[in-house]
Amino acid sequence: MTDEFKTIKTISEGYYTEKRSKFLAFAHPVTDVSQVKEIIAEYRKKYFDARHVCYAYMLGADRLEFRANDDGEPSSTAGKPILGQINSNELTDILIVVVRYYGGVNLGTSGLIVAYKAAAADAIDHAEIITRQVEEIVEYHFSYPMMNQVMRIVKDMNPRIVEQQFDNTCSIKLAIRKSLADELRTRLAKLL
722 MTDEFKTIKT ISEGYYTEKR SKFLAFAHPV TDVSQVKEII AEYRKKYFDA
772 RHVCYAYMLG ADRLEFRAND DGEPSSTAGK PILGQINSNE LTDILIVVVR
822 YYGGVNLGTS GLIVAYKAAA ADAIDHAEII TRQVEEIVEY HFSYPMMNQV
872 MRIVKDMNPR IVEQQFDNTC SIKLAIRKSL ADELRTRLAK LL
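Positions in the sequence shown are counted from 1; adding 721 to them yields the numbering used here.
See the structure below:
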């Protein structure tokens, strides 16, 4: 597994229209399923007059947690094409919701697949894609006289300080890129 992944920075929107049906797409950066459920509930409330609120999401750096939902559209004509766009752009920690207003003309299964795929692609095209590191937390306890040695390693390896407590016995919690976590642990362990 690599220690970085691609996601989007902020919410973005996309749009597609076909035979008077309108497809409004919204891409959100998300980190867990409860966030996903909240956002979907908001869209269902906001677009209560829409025929369908379909979505797909992908979570985690390993990209193993995902779901696609057709919300009443024929099976695999909405959620799967949206998820396909997430996959083809190698994104994770993302939710794409596509709201469909029915235009009175049936699009058929192939037409629906194209429409949902295009709407999701447009939302991704309007998003700022960023690369994030997978971090691991390293916690270290030490005596106060070791402070300078510990801080020299922190300065050298540049982890993000999550929490620190300095007293007779000190502790520091550091977040560092996963691939560097073992090196950080080894260097700190050598101080003892």
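Positions of the beta carbon are idealized from the N, C-alpha and C atoms, including for glycine. Since this is a predicted model, take the numbers as computed values, not measurements.
Whole angstroms is fine: what's the gap from residue i's alpha carbon to residue j's?
{"i": "arginine 853", "j": "phenylalanine 726", "result": "5 Å"}
{"i": "aspartate 724", "j": "leucine 804", "result": "22 Å"}
{"i": "valine 754", "j": "aspartate 843", "result": "24 Å"}
{"i": "isoleucine 760", "j": "phenylalanine 747", "result": "10 Å"}
{"i": "arginine 765", "j": "glycine 829", "result": "24 Å"}
{"i": "serine 733", "j": "glycine 832", "result": "24 Å"}
{"i": "glutamate 739", "j": "alanine 836", "result": "7 Å"}
{"i": "methionine 868", "j": "valine 855", "result": "27 Å"}
{"i": "isoleucine 729", "j": "proline 866", "result": "44 Å"}
Return helix, strand or coil for residue i, following the three-state DSSP convention.
{"i": "serine 755", "result": "helix"}
{"i": "isoleucine 760", "result": "helix"}
{"i": "glutamate 904", "result": "helix"}
{"i": "valine 883", "result": "strand"}
{"i": "lysine 876", "result": "helix"}
{"i": "glycine 832", "result": "helix"}
{"i": "isoleucine 732", "result": "coil"}
{"i": "leucine 912", "result": "coil"}
Quick check on residue i: buried or exposed, where buried means 16 or more other Cβ atoms within 10 Å of its Cβ?
{"i": "glutamate 794", "result": "buried"}
{"i": "methionine 722", "result": "Annotation note: pLDDT 49 at methionine 722 (below 50); position unreliable, no value reported."}
{"i": "valine 871", "result": "buried"}
{"i": "threonine 890", "result": "exposed"}
Here's a check: name, in chain order, each residue in its chain whose Cβ is nearer than 8 Å to the Cβ of residue i, leaving out the five neighbours to either side.
{"i": "isoleucine 874", "result": "Leu905, Arg908, Leu909, Leu912"}
{"i": "methionine 878", "result": "Ile897, Leu901, Glu904, Leu905, Arg908"}
{"i": "tyrosine 736", "result": "Lys743, Phe744, Leu745, Ala746, Ala840, Asp843"}
Can you find the residues in the same chain that come closer than 7 Å, C-beta to C-beta, to residue i, ignoring five residues on each side of it along the sequence?
{"i": "glycine 825", "result": "Arg741"}
If I measure Cβ to Cβ from residue i and keep anything under 6 Å in the same chain, skipping five residues before and after, which residues do I get?
{"i": "alanine 799", "result": "Cys775, Asp791, Tyr837"}
task = Please list the segments of the alpha helix (DSSP H) lying wholly inside the stretch 775-822, counting only runs of 4 or more residues, in order along the chain.
result = Taking only runs of at least 4 residues, the alpha helix (DSSP H) segments lying wholly in the stretch 775-822 are 800-809.
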